[in-house]
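Let me begin by presenting the structure, written as structure tokens, before commenting on it.
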Amino acid sequence: MKILVVGGGGREHAIIKKIKENKEVEKIFALPGNGGIAADAECVNVGAKDIDGIVDFAVKNGVDYAVVAPDDPLVLGAVDALEEKGIPCFGPRASAAIIEGSKVFSKNLMKKYGIPTAEYEVFYDEESALEYLETAPVPTVIKADGLALGKGVIIAETREEAKNAVRSMMEDKVFGKSGDQIVIEEFLTGPEVSVLSFTDGKTVVPMVSSMDHKRAHDGDAGLNTGGMGTVAPNPYYTEAVAKECMEKIFLPTVAAMNAEGRTFKGCLYFGLMLTPKGPKVIEYNCRFGDPETQVVLPLLESDLLTVMRAVTEERLSEVEVKFSHKDACCVIMASDGYPEKYEKGFEISIPEEVAKNVYVAGAALKDGKLVTSGGRVLGVTAVADSLPEAIEKSYSLVEKIHFDNAFYRRDIGARALLAKEEN
Ligand code: AMP
Ligand code: GLY
Numbered sequence: 001m002k003i004l005v006v007g008g009g010g011r012e013h014a015i016i017k018k019i020k021e022n023k024e025v026e027k028i029f030a031l032p033g034n035g036g037i038a039a040d041a042e043c044v045n046v047g048a049k050d051i052d053g054i055v056d057f058a059v060k061n062g063v064d065y066a067v068v069a070p071d072d073p074l075v076l077g078a079v080d081a082l083e084e085k086g087i088p089c090f091g092p093r094a095s096a097a098i099i100e101g102s103k104v105f106s107k108n109l110m111k112k113y114g115i116p117t118a119e120y121e122v123f124y125d126e127e128s129a130l131e132y133l134e135t136a137p138v139p140t141v142i143k144a145d146g147l148a149l150g151k152g153v154i155i156a157e158t159r160e161e162a163k164n165a166v167r168s169m170m171e172d173k174v175f176g177k178s179g180d181q182i183v184i185e186e187f188l189t190g191p192e193v194s195v196l197s198f199t200d201g202k203t204v205v206p207m208v209s210s211m212d213h214k215r216a217h218d219g220d221a222g223l224n225t226g227g228m229g230t231v232a233p234n235p236y237y238t239e240a241v242a243k244e245c246m247e248k249i250f251l252p253t254v255a256a257m258n259a260e261g262r263t264f265k266g267c268l269y270f271g272l273m274l275t276p277k278g279p280k281v282i283e284y285n286c287r288f289g290d291p292e293t294q295v296v297l298p299l300l301e302s303d304l305l306t307v308m309r310a311v312t313e314e315r316l317s318e319v320e321v322k323f324s325h326k327d328a329c330c331v332i333m334a335s336d337g338y339p340e341k342y343e344k345g346f347e348i349s350i351p352e353e354v355a356k357n358v359y360v361a362g363a364a365l366k367d368g369k370l371v372t373s374g375g376r377v378l379g380v381t382a383v384a385d386s387l388p389e390a391i392e393k394s395y396s397l398v399e400k401i402h403f404d405n406a407f408y409r410r411d412i413g414a415r416a417l418l419a420k421e422e423n
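My numbering applies: residue 1 is where the sequence shown begins, and numbers increase by one.
Below you can see the structure in the form of structure tokens.
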């Protein structure tokens, strides 16, 4: 089989490495991939948002199955366009990807179907939003409606900060059209849990839970990033919580999307907060999370491609989706300065015995050598029988990798360890 994977980050590298385990796979194309992914797939210089280019390539190269991993092409209708040419895909159609593509859509969906989430108001003009903020409780949370590279959420401690956030989104258009509509919502508290799930619109199979570390610096200080590390499973996500989430969130969401005529097929990601009043949805993503995928897929014992194809063919209930009971930890090595200014172009050295644990996110090949090309450069995942061992192992592997200006958090998994002690 010839497989095409759209995207070019650490998540896509993890998906590709896992798909490669299937013996029927003869070729994997990554569009566009990256310098590190090139070791596992043929990278093709077609951008992830170039829907025509992707379809054209797939047709000309006889692709048998496509996996569309990032949010942008999903929201832009890459799956619809590939399916039109008869190419089966893993990922939701645009009509369902809107669950991530529009926060207004997802909030209204949850309200309509009684799915627990933060209280909220939607605003279409700046004046009404500013007026609302005169009396709104703080802290409050301001969210741009559309995709904003994970930066469209501002937690405002004061009314003045909240108003500035509204002005930046609606007047200065810092997120472009994504800020034409905004959501202002209740500030929730509690541990966060990421749950990725497979769903074919009939069955929903949650994967092992995970914990992201979004802030740049140790102790959850510094700016929000695309994710500095992950662990799986997430110790806050007990069996009782999982049962409650299945009943009150996962099944109702899949049913709600069906009822709206927007059947979701693919990986539906639930960003949850375990509040004192029970689990609530912070966000939905229409895709695998990054860097959650880099700890979740290494724990998957079943064949990924088999599960994906079952999702596409709406027979997920017929296949086994099995996860190991081990722990995984992924530490992201970034370029110093990320998520703000950073330098790139530094040579990366990865010892051969470590390569299988590495998922490359931002690196390019230059004169045959791997060099840094992004803020987040690579993730290093270790799997072990316990969380402390997984953490120790991933950091020992990190120390074997070198590039100038490397930066990483030293406390990935520390909060999860504390949670385990508390239980
Ligand atoms: P998102 O980009 O939607 O993942 O949001 C980024 C982060 O903002 C989340 O991971 C939460 O930590 C935080 N956040 C979003 N919504 C809320 C909320 N209603 N209350 C508290 N924190 C929130
Ligand atoms: N790790 C959060 C996301 O993928 O959006």
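No residue lacks a Cβ here, since even glycine has one placed at the ideal position from N, Cα and C.
A quick note: this is a predicted structure, and the numbers were derived from the prediction, not measured.
In the displayed model, Tyr113 falls within a helix according to three-state DSSP. For Met246, the secondary structure class from DSSP, reduced to helix, strand or coil, is helix. Between the beta-carbon of Ala30 and that of Val5 there is about 5 Å, and that keeps the pair under the 8 Å contact cut. For Asn405, the closest of Asp52, Val360, Lys420, Gly337 by C-alpha to C-alpha distance is Gly337. Remark: C-beta atoms of Gly229 and Glu314 do not approach each other more closely than 8 Å. A Cβ-Cβ contact shorter than 8 Å links Ser178 with Asp145.
Per the DSSP secondary-structure output, His402 pairs in a beta bridge with Ser349. Placement of the Cβ of Asn285 at a distance of less than 7 Å from at least one heavy atom of the ligand GLY is found. Between the ligand AMP and Phe187, a heavy atom-to-CB distance of less than 7 Å is present. Of the candidates Asp180, Ile401, Pro276, the residue whose Cα lies closest to the Cα of Glu352 is Ile401. Bounds of the beta strand (DSSP E) holding His217 are 215–217. The three-state secondary structure of Lys103, taken from DSSP, is helix.
Take Phe57, set aside five residues on each side of it, and the residues of its chain with a beta-carbon closer than 8 Å to its own are Leu4, Phe29, Leu31, Val44, Val46, Val63, in chain order. Gly150 has its Cβ nearer than 7 Å to a heavy atom of the ligand GLY. By the 16-neighbour rule on beta-carbons within 10 angstroms, Thr189 is exposed.
Its Cα nearest to that of Met333, the residue Glu399 stands out among Leu82, Gly114, Glu399, Lys366. Glu192 has its Cβ no nearer than 7 Å to any heavy atom of the ligand GLY.
Taken atom to atom, the span from the alpha-carbon of Met273 to that of Thr293 is near 19 Å.
The beta carbon of Ala118 sits closer than 7 Å to at least one heavy atom of the ligand AMP. Rounded to the nearest whole angstrom, the CA to CA distance from Gly176 to Asp50 is 19 Å. When secondary structure is reduced to three states using DSSP, Asp50 falls in the coil class, being assigned neither helix nor strand. Residue pairing for Asp327: DSSP places it in a beta bridge opposite Ala384. The straight-line gap separating the alpha-carbon atoms of Ala14 and Leu300 is approximately 11 Å. Taking C-beta separations shorter than 6 Å and ignoring five residues to either side along the sequence, the partners of Lys27 in its chain run Lys2, following chain order. Take the alpha-carbon of Val296 and the one of Val153: they are about 25 Å apart. Straight across, the Cα-Cα distance linking Asp172 with Ala165 is about 10 Å. Taking the Cα of Phe123 as reference, the smallest distance to any Cα among Gly227, Gln181, Leu76 is reached at Gln181. Around the C-beta of Ala240, fewer than 16 other C-beta atoms lie within 10 Å, and the residue is accordingly described as exposed. The beta carbon of Ala156 sits closer than 7 Å to those of Val138, Pro139, Thr140, Ile142, Ala162, Ala165, all from its chain and outside the five residues before and after it, given in chain order. With respect to the C-alpha of Ser168, the residue from Ala129, Asp80, Pro116 having the closest C-alpha is Ala129. If you compare the alpha carbons of Val354, Val321, Leu365 with that of Phe198, the shortest gap goes to Val321. In this structure, the ligand AMP has no non-hydrogen atom nearer than 7 Å to the beta-carbon of Gly219.
By the C-beta criterion, the stretch 248–267 is judged not to be in contact with the stretch 358–373, since fewer than 3 inter-stretch pairs fall below 8 Å.
Taking C-beta separations shorter than 6 Å and ignoring five residues to either side along the sequence, the partners of Glu186 in its chain run Ala118, Glu119, following chain order. Its Cα nearest to that of Glu127, the residue Met170 stands out among Met110, Met170, Ile99, Val311. In this chain, the beta strand (DSSP E) harbouring Ala144 covers 140–144.
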